[in-house]
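J.: Per numbering that gives the first Met the number 0: the sequence shown = residues 0 to 210.
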Amino acid sequence: MSETDTFIDEVSEEVRRDRLYALMRKYGWIAVLLVVLLVGGAAFNEWRKASARAEAQALGDAILAAEEQADPAERAAALAALEVDGDAAAVVAMLAATDGQDGAAALRALADDASIDSLYRDLAQLKLVTAADSGLDNAERRARLEPLAVAGAPFRVLAEEQLALIDIDDGQTDAAIARLQSLLVDDEASGALRRRASQLIVALGGSLETS
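(1) Distance, Cα to Cα, Tyr119 vs Ala92?
(2) Have a look at Ala148 and Ala104 and give me their C-alpha separation to the nearest angstrom.
(3) Whose C-alpha, out of Arg194, Ala76, Asp169 and Ala51, is nearest the C-alpha of Glu139?
(4) What do you reckon, are the CB atoms on Ala202 and Leu179 nearer than 7 Å?
(5) Just to confirm the assignment, what range does the alpha helix (DSSP H) spanning Leu125 have?
(6) Output the boundary residues of the alpha helix (DSSP H) element that contains Gln161.
(7) Measuring only the C-alpha atoms, how far is Arg15 from Ile29?
(8) Alpha carbon to alpha carbon, how far is Leu125 from Ala65? Give it in angstroms, no decimals.
(9) DSSP state of Phe6, grouped into three classes?
(10) Could you check if Lys188 is buried or exposed, using at least 16 other CB atoms within 10 Å of its CB as the buried criterion?
(11) Just how far apart, CA to CA, sit Asp213 and Gly204?
(12) Tell me which residues share the same chain as Ala87 and place their Cβ nearer than 7 Å to its Cβ, disregarding the 5 neighbours each side in the sequence.
(13) Please classify Arg47: is it buried, with 16 or more other beta-carbons within 10 angstroms of its beta-carbon, or exposed?
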């Protein structure tokens, strides 16, 4: 390589370096801003997660403290006094309904409240149907349970069990046995539910054979 070529290369390198420095002076603040935004966003996200965990823990502690009250009325009052919203409000309301004097009415209100998540509405519906003081006749209990027993519903197998009990109460023994036998081979049914189903089938004079 000649001295002329070396000189040209050195000049070209200086020109490129000068251009790079010029670009950094002109646009470098953008890179700095991006770094600040990334670091700040990550810090804010961690703070938000920590705050959510702290709020959830505080709510859990408050619920446990309320549930430790010996008197049902005091438990219901303590739960009702909690300041909650959203899904947590539905959960606390169901817990309070269990202890309150107007539990069935509170459960009915939750079950019929279209503004809350369907999961909690369905749970309130199931608790209402099984409440001793619900005041529901078998026809209304069945009407409230049937939508919970469709495929994919979160409490389907529990609703099926309750429907079998209604069948028994209505004198429809064969229908009850068939429903209970289906639960014996249902993958979503728990071991405890299957044991209850087996006991009922035997008590009704049915067979545990499902094939």
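Just so it is clear, CB atoms sit at the ideal spot from N, CA and C, and this is done for glycine as well.
T.: Let's see:
(1) For the purposes of this step, residue 119 is taken as residue 120 along the sequence shown, with counting starting at 1. For the purposes of this step, residue 92 is taken as residue 93 along the sequence shown, with counting starting at 1. So the alpha carbons of these two residues sit roughly 10 Å apart.
(2) Numbered from its first residue, the sequence shown carries residue 148 at position 149. Numbered from its first residue, the sequence shown carries residue 104 at position 105. Our two residues, Ala148 and Ala104, have alpha carbons roughly 23 Å apart in a direct line.
(3) Translated into positions along the sequence shown, residue 139 becomes position 140. Checking every option, the nearest Cα to that of Glu139 belongs to Asp169.
(4) Residue mapping note: residue 202 aligns to position 203 of the sequence shown, counting from 1. Residue mapping note: residue 179 aligns to position 180 of the sequence shown, counting from 1. Result no, Cβ atoms of Ala202 and Leu179 do not sit closer than 7 Å.
(5) Within the sequence shown, numbered from 1, the residue matching residue 125 stands at position 126. For Leu125, the enclosing alpha helix (DSSP H) stretches over residues Ser117 to Thr129.
(6) Here residue 161 refers to the residue found at position 162 of the sequence shown. Its alpha helix (DSSP H) spans residues Arg155 to Asp168.
(7) Taking the first residue of the sequence shown as position 1, residue 15 is located at position 16. Taking the first residue of the sequence shown as position 1, residue 29 is located at position 30. Approximately 21 Å between the Cα atoms of the pair.
(8) Walking along the sequence shown from the start, residue 65 turns up at place 66. Walking along the sequence shown from the start, residue 125 turns up at place 126. In this structure, the alpha-carbon of Ala65 lies about 23 Å from that of Leu125.
(9) As a working note, residue 6 is residue 7 in the sequence shown. Residue placement at Phe6 cannot be trusted, given a pLDDT of 49 that sits under 50; what the coordinates show is reported in the next sentence. DSSP places Phe6 in helix when its eight states are reduced to three.
(10) Position 189 of the sequence shown holds residue 188. Contrary to the premise, residue 188 reads as Ala rather than Lys in this sequence. Ala188 should be labelled buried.
(11) Here the chain covers residues 0 to 210 and nothing more, so residue 213 does not appear.
(12) As a working mapping, residue 87 is identified with position 88 in the sequence shown. Correct list, in chain order: Leu58.
(13) As a working mapping, residue 47 is identified with position 48 in the sequence shown. By the 10 Å Cβ count, Arg47 comes out exposed.
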